[in-house]
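Enquirer:
Protein chains: 2
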Amino acid sequence: MPSADLRRHGHELIDWIADYLDGLAERPVLSPVRPGQVHQALPVEAPRLGEPLETIREDFERLIVPALAHWNHPRFFAYFNSSSSGPAILAELLAAALNVNTMLWKTGPAATELEQVVLGWLRALLGLPDGFRGWLYEGGSSSTLHALAAARQRALGLGLREGGLYQAPRLRVYASPQTHTSVDKALMTLGLGLGALRRVAVDSDHRMRVDALREAVAQDRRAGLWPCCVVATLGSTSCTAIDPIAPTARLCEAEGVWLHVDAAHGGALALLPERREDFAGWEGADSIVVNPHKWLMVPLDASVLYTRHPDVLRQAFSLVPAYLETREQHQVEDAMDYGITLGRRFRALKLWFTLRYFGQEGLQVRLREHLRLAQEVARRVDAHPLMERVAPVPMSTVCLRARHPRIAGGEQDAFNRRWLEAINATGRLFLSPTELDGRFVLRFVISGLRTQAHHVDEAWQTMDLTLGELLGCTLDRGPTVR
Amino acid sequence: MPSADLRRHGHELIDWIADYLDGLAERPVLSPVRPGQVHQALPVEAPRLGEPLETIREDFERLIVPALAHWNHPRFFAYFNSSSSGPAILAELLAAALNVNTMLWKTGPAATELEQVVLGWLRALLGLPDGFRGWLYEGGSSSTLHALAAARQRALGLGLREGGLYQAPRLRVYASPQTHTSVDKALMTLGLGLGALRRVAVDSDHRMRVDALREAVAQDRRAGLWPCCVVATLGSTSCTAIDPIAPTARLCEAEGVWLHVDAAHGGALALLPERREDFAGWEGADSIVVNPHKWLMVPLDASVLYTRHPDVLRQAFSLVPAYLETREQHQVEDAMDYGITLGRRFRALKLWFTLRYFGQEGLQVRLREHLRLAQEVARRVDAHPLMERVAPVPMSTVCLRARHPRIAGGEQDAFNRRWLEAINATGRLFLSPTELDGRFVLRFVISGLRTQAHHVDEAWQTMDLTLGELLGCTLDRGPTVR
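Protein chains in written order, with our numbering: chain A, -3 to 478; chain G, -3 to 478.
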């Protein structure tokens, strides 16, 4: 593309993005598009001749943008949201232009070193000691796969590389029913199978019970199985339950079992000194995943896996063919030695831009505001005659249900499903579901960079109104979010 | 970031990028930076208070950019280059602003459908039939891991998900010594172990020998092993060797063995009708990897895995917890069901922009020019009294060595290493090494979007001059690239 065109289109698209972000609140969060609608509107073949960028942009604005879920929308309260901050958007633009592949130190010296520097910064912000080294991966699922591969590597030793699992003793991995399914997928991928996973009972707040864990490990040892890894979660996906990390770490240490901590979403809260007690003891973990692309204002994709055993991770993944040898390879760390992928984007750039632009305090202010807003939503749910809160709110996720004396017990799930669909159909907000204690539950997650009190209030009004309409009656709205 | 600031910085950065790309040829391709230099120049801690973007940008330009390898540089001839075209850079900017997570159809309907549409376009451009479905992954290594997981899944059936590999028969995977190490890494990751890999002999052009493959499979069957997968490569990493795909596909079909084709780099050439014969028969493969981020002008990361068995891939990876259920899940394809990762960037956007902006013919013109320039380099190497070409040039990669009667046979590798280091130290071009037939070899790969005849000529002059200096004599330069 001629450089004059790149400038012109670039300037126009920057303005388009600024307008898009400014106007997000006016858009429906979720598009009302039907399955197949976009597909049908697009040609079935690539063009033979090149097209002007104007035409492509027109189609982008006309066909693509209105048919998306808007993850940066201030009323996106589904899943765990991922926000793209302004500085991170600009960093991604630069990364695409530089197009550095960080597979080797040599193929991007500054990119490789910046990754280590920035992950060192984040490690310190999280209150983790020096001994942890980190690398950036595509997402939490990928980080967890690498962590479990390292745990397997430590349990089975060097023979694993050559011999695989055929002769291996039966490994066991422990996790609560609230643990993210990325653990299940990792076990399938690694050839350990879902059968290797032992579910450990939780308490009434969905936290893993350490006594049950201890008993499970002992039982397995008696049965000749090899306890390999415990996955503890600090901020579970359904309800941000916080597993008791200190006693779990002590147990793992005593048992020689790898402790992997999934703090993909919740880890961000370790930036707050007043929340450190939930994390006390996590420095005893063997590996920890924290996703900057969840609650640290960095767009997809950027997940960090920290480990105290980089040598083990390296043993699980390092292979250096002749075409990847460099003169510097024994003086430097080549990122390709610590994972599956070879081609790696320059992900550290957006994290660097974001941490510097906001600073520690800027991030803390935003996290605290999310926590405050979530407590306010929790209070409103508690005060509402036709809603119930079904889990504690240790982070910024509120789990709730509608209830009404006229709805029979067996129909409450179906009613709540209808309520969720009705809420999302308004386009005014986006909530996602989960299941807790066998019941269908709505999750209200506040972690978006652009979410302010009035957005939460507007969302609440819509939820309340929708419930009223669904119940065929009008209900008192309750107080306004301050 | 206030929207006025986003506009101002955005416009300035667009201009910076245009200037950067315009001025790339004047920069050294490889930075002369020493290991640790960037690390030491950066603060050890994140700032407590936010910093202005101006300061961050200054550091970016002063500390980061001069210490990179410039992958978009027109004289980057190392590895397999990855180019970022103008339209793709702009698409990445938009993707970062939208920040759509394409894990589910619902969380990005247009993004999910655009991925299928664009991968359908590319499939047709490559001459592959309808039956192939594709998904975008992080890179070739990740695509290959998913392909081998699918092959394993088909061989072992549903019991694998639960039971893992413990009770499984011994699987065998076949590949030539030229096959990319991503296959080795995948076998380690999947728990099959490097021992599962059987190396199949190659002919003098480094192409897998089908007779040797047939014999290896038969031998393994007699030994009670289970032939599971053959990996054939169309464009090997060292020297772009093209395995004979049609007879391999027939053998795999007859044997009921999964055929995975690694065309991560070389697949792009299937866009050229005159090169289709190298690909004839690849429609019989069970899975194929092609990386748009290699030779299709799309920046990192974007790798496509096509398969005729999406159901098997799904069986290997699908798991739907309650928090990811959607009303639409039975009407649509959710990308998370086809892979390890959950959080997925909107990678299809840059591929869509690029295919439309260049059009089929625009891409063909560039590929043909790369092929022409590589033939010219090959001719010059052949004509040079002190160089030898050590492999055929079926694509745009030339493998060469220096030779001189005064250098003893045992010292030729060391001399060539010194030559490569001397070439790269000039900063005028970047070549990378490999090993062929046990000898150290230099690779000259022409696949960059911005590479023109005069860049190749300048690189050639530098190589020649460096060799002359190293040999302590001045040599005839040979003809100019036309």
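Heads up, the beta-carbon is just placed ideally off N, CA and C, and yes, glycines get one too.
Which residues, taken in chain order from the segment 174 to 204 of chain A, show a beta carbon closer than 7 Å to some beta carbon of chain G?
Expert: Thr177, Ser178, Asp180, Lys181, Met184, Thr185, Leu186, Gly187, Leu188, Gly189, Leu190, Gly191, Ala192
Enquirer: Give the secondary structure of Tyr353(G) by DSSP, where H, G and I count as helix, E and B as strand, and everything else as coil.
Expert: For the purposes of this step, residue 353(G) is taken as residue 357 along the second sequence, with counting starting at 1. Tyr353(G) falls in the helix class under three-state DSSP.
Enquirer: Distance check for Tyr334(G) and Asp180(A), CA to CA, integer angstroms please.
Expert: Position 184 of the first sequence holds residue 180(A). Position 338 of the second sequence holds residue 334(G). The C-alpha of Tyr334(G) is placed about 14 Å away from the C-alpha of Asp180(A).
Enquirer: Since Leu152(A) contacts Ala192(A) with CB under 8 Å, what's their CB separation in whole angstroms?
Expert: Here the question's residue 152(A) lines up with position 156 in the first sequence. Here the question's residue 192(A) lines up with position 196 in the first sequence. Incorrect: roughly 13 Å between the Cβ atoms, too far for contact.
Enquirer: Just tell me which of Ser283(G), Thr393(G), Glu321(G) has its CA closest to the CA of Arg119(G).
Expert: To locate residue 119(G), count along the second sequence from 1; it is residue 123. Ranking the options by Cα distance to Arg119(G), first place goes to Ser283(G).
Enquirer: Using DSSP bridges, identify the partner residues of Phe72(A).
Expert: Here residue 72(A) refers to the residue found at position 76 when the first sequence is read from its first residue. Here Phe72(A) is bridged, per DSSP, to Phe426(A).
Enquirer: Starting from the Cα of Ile442(A), find the closest Cα among Leu369(A), Leu432(A), Trp415(A) and give me that residue.
Expert: For the purposes of this step, residue 442(A) is identified with residue 446 of the first sequence, where counting begins at 1. The residue with the shortest Cα to Cα distance from Ile442(A) is Leu369(A).
Enquirer: Helix, strand or coil for Trp131(G) per DSSP?
Expert: Against the second sequence, residue 131(G) aligns to sequence position 135. DSSP places Trp131(G) in strand when its eight states are reduced to three.
Enquirer: Between Leu265(A) and Asp258(A), is the Cβ-Cβ spacing less than 8 Å?
Expert: To locate residue 265(A), count along the first sequence from 1; it is residue 269. To locate residue 258(A), count along the first sequence from 1; it is residue 262. Not closer than 8 Å, so no.
Enquirer: Can you check which of these residues, Ala171(A), Thr337(A), Trp101(A), is closest to His176(G) by C-alpha distance?
Expert: Translated into the one-based positions of the second sequence, residue 176(G) becomes position 180. Measuring from the Cα of His176(G), the nearest candidate turns out to be Thr337(A).
Enquirer: Could you give the uninterrupted runs of the beta strand (DSSP E) lying entirely in the segment 176 to 243 of chain G, keeping only those of 3 residues or more?
Expert: 193 to 195, 222 to 229
Enquirer: Could you check whether Gly155(G) and Leu64(A) sit closer than 8 Å to each other, using their CB atoms as the reference points?
Expert: Position 68 of the first sequence, counted from the first residue, corresponds to residue 64(A). Position 159 of the second sequence, counted from the first residue, corresponds to residue 155(G). Contact flag unset, no.
Enquirer: Exposed or buried, which one is Ala219(G) when buried takes at least 16 other CB atoms within 10 Å?
Expert: Taking the first residue of the second sequence as position 1, residue 219(G) is located at position 223. Under this definition Ala219(G) is an exposed residue.
Enquirer: Taking the C-alpha atoms as reference points, what is the distance between Gly187(A) and Leu141(A)?
Expert: Residue numbering aside, residue 187(A) sits at position 191 when the first sequence is read from its first letter. Residue numbering aside, residue 141(A) sits at position 145 when the first sequence is read from its first letter. In a straight line, the C-alpha of Gly187(A) is about 12 Å away from that of Leu141(A).
Enquirer: Which residues in chain G have a C-beta closer than 7 Å to the C-beta of Ala318(A)? List them in chain order.
Expert: Looking up residue 318(A) in the first sequence gives position 322. The contacting residues are Pro429, Thr430, Glu431.
Enquirer: Starting from His256(A), follow its DSSP beta bridges and name the residues at the other end.
Expert: Here residue 256(A) refers to the residue found at position 260 when the first sequence is read from its first residue. Answer is Val227(A), Ser283(A).
Enquirer: Closest to Thr393(G) by C-alpha separation, out of Gly136(G), His366(G), Asp199(G), Gln325(G), would be which residue?
Expert: In the second sequence, the residue the question calls residue 393(G) occupies position 397. Restricting attention to Gly136(G), His366(G), Asp199(G), Gln325(G), the CA atom closest to the CA of Thr393(G) is found in His366(G).
Enquirer: Comparing C-alpha positions only, which one of Ala0(G), Gly123(G), Ala146(G), Pro31(G) sits nearest to Thr303(G)?
Expert: Residue 303(G) sits at position 307 when you count from the first residue of the second sequence. Checked all of Ala0(G), Gly123(G), Ala146(G), Pro31(G); the closest Cα to Thr303(G) is Ala146(G).
Enquirer: Counting only beta-carbon atoms, is Ser(-1)(G) nearer than 8 Å to chain A?
Expert: Reading the second sequence from its first residue, position 3 is the one you call residue -1(G). Yes, Ser(-1)(G) lies at the interface with chain A (some Cβ there is under 8 Å from its Cβ).
Enquirer: What is the rounded straight-line gap between the Cα of Gln457(A) and the Cα of Asp378(A)?
Expert: Locating residue 457(A) in the first sequence gives position 461, where the first residue counts as 1. Locating residue 378(A) in the first sequence gives position 382, where the first residue counts as 1. So the two alpha carbons sit approximately 15 Å from each other.
Enquirer: Just verifying my parser: in three-state terms, what is the DSSP assignment at Leu161(A)?
Expert: Translated into the one-based positions of the first sequence, residue 161(A) becomes position 165. Leu161(A) falls in the coil class under three-state DSSP.
Enquirer: Check whether the segment 65 to 80 of chain G and the segment 98 to 117 of chain A are in contact - that is, three or more C-beta pairs closer than 8 Å.
Expert: With the cut-off at 8 Å, the segment 65 to 80 of chain G and the segment 98 to 117 of chain A touch.
Enquirer: Indicate whether at least one CB of chain A lies closer than 8 Å to the CB of Ser78(G).
Expert: Here residue 78(G) refers to the residue found at position 82 when the second sequence is read from its first residue. For Ser78(G), the closest Cβ of chain A is nearer than 8 Å.
Enquirer: By Cβ distance below 7 Å, which residues in the same chain neighbour Pro125(A) in space, the five residues on each side in sequence not counted?
Expert: Stepping through the first sequence from its first residue, residue 125(A) is reached at position 129. Glu279, listed in sequence order.
Enquirer: Give the interface partners of Glu417(A) over in chain G, defined as CB-CB distance under 9 Å, in chain order.
Expert: Along the first sequence, one-based indexing puts residue 417(A) at 421. Within chain G, the residues near Glu417(A) are Arg323.
Enquirer: Which residues in chain G sit within 9 Å of Trp67(A), going by Cβ to Cβ distance?
Expert: Translated into the one-based positions of the first sequence, residue 67(A) becomes position 71. Here the neighbours are Leu94, Asn95, Val96, Asn97, Thr103, Gly104.
Enquirer: Could you give the distance in angstroms between the alpha-carbon of Ser106(G) and the alpha-carbon of Phe354(G)?
Expert: Numbered from 1 along the second sequence, position 110 holds the residue referred to as residue 106(G). Numbered from 1 along the second sequence, position 358 holds the residue referred to as residue 354(G). For the record, residue 106(G) in the displayed sequence is Ala; it is not Ser. Roughly 22 Å between the two C-alpha positions.
Enquirer: Listing by chain order, which chain A residues have their CB less than 7 Å from the CB of Arg23(G)?
Expert: Translated into the one-based positions of the second sequence, residue 23(G) becomes position 27. Here the premise fails: no neighbours, minimum Cβ distance about 12 Å.
Enquirer: Taking all protein chains shown into account, decide if His69(G) is buried (16 or more other Cβ within 10 angstroms of its Cβ) or exposed.
Expert: Locating residue 69(G) in the second sequence gives position 73, where the first residue counts as 1. Buried: at least 16 other Cβ atoms inside 10 Å.
Enquirer: Looking at the secondary structure, which residues open and close the beta strand (DSSP E) in which Glu384(G) lies?
Expert: Indexing the second sequence from 1 puts residue 384(G) at position 388. Start and end: 383 to 385.
Enquirer: Decide if the segment 4 to 11 of chain A is in contact with the segment 81 to 90 of chain G; the criterion is three or more beta carbon pairs, one per stretch, under 8 Å apart.
Expert: yes
Enquirer: What are the boundary residues of the beta strand (DSSP E) that includes Thr458(G)?
Expert: What you label residue 458(G) is simply residue 462 of the second sequence in a count that begins at 1. Looking at the DSSP string, Thr458(G) is not in any beta strand (DSSP E); the run it does join, the alpha helix (DSSP H), is 449 to 467.
Enquirer: Buried or exposed: where does Ala0(G) fall if 16 or more other Cβ atoms within 10 Å of its Cβ makes it buried?
Expert: If you number the second sequence from 1, residue 0(G) lands on position 4. Burial call: exposed.
Enquirer: Taking 8 Å as the threshold (C-beta atoms), are Trp131(A) and Ala331(A) in contact?
Expert: In the first sequence, the residue the question calls residue 331(A) occupies position 335. In the first sequence, the residue the question calls residue 131(A) occupies position 135. The answer is yes: Cβ separation under 8 Å.
Enquirer: Kindly say whether Val328(G), judged by its beta-carbon, lies nearer than 8 Å to any beta-carbon of chain A.
Expert: Counted from its first residue, the second sequence places residue 328(G) at position 332. Yes, Val328(G) lies at the interface with chain A (some Cβ there is under 8 Å from its Cβ).
Enquirer: If you pair each beta-carbon of the segment 19 to 27 of chain G with each one of the segment 36 to 55 of chain G, do three or more pairs fall below 8 Å?
Expert: no
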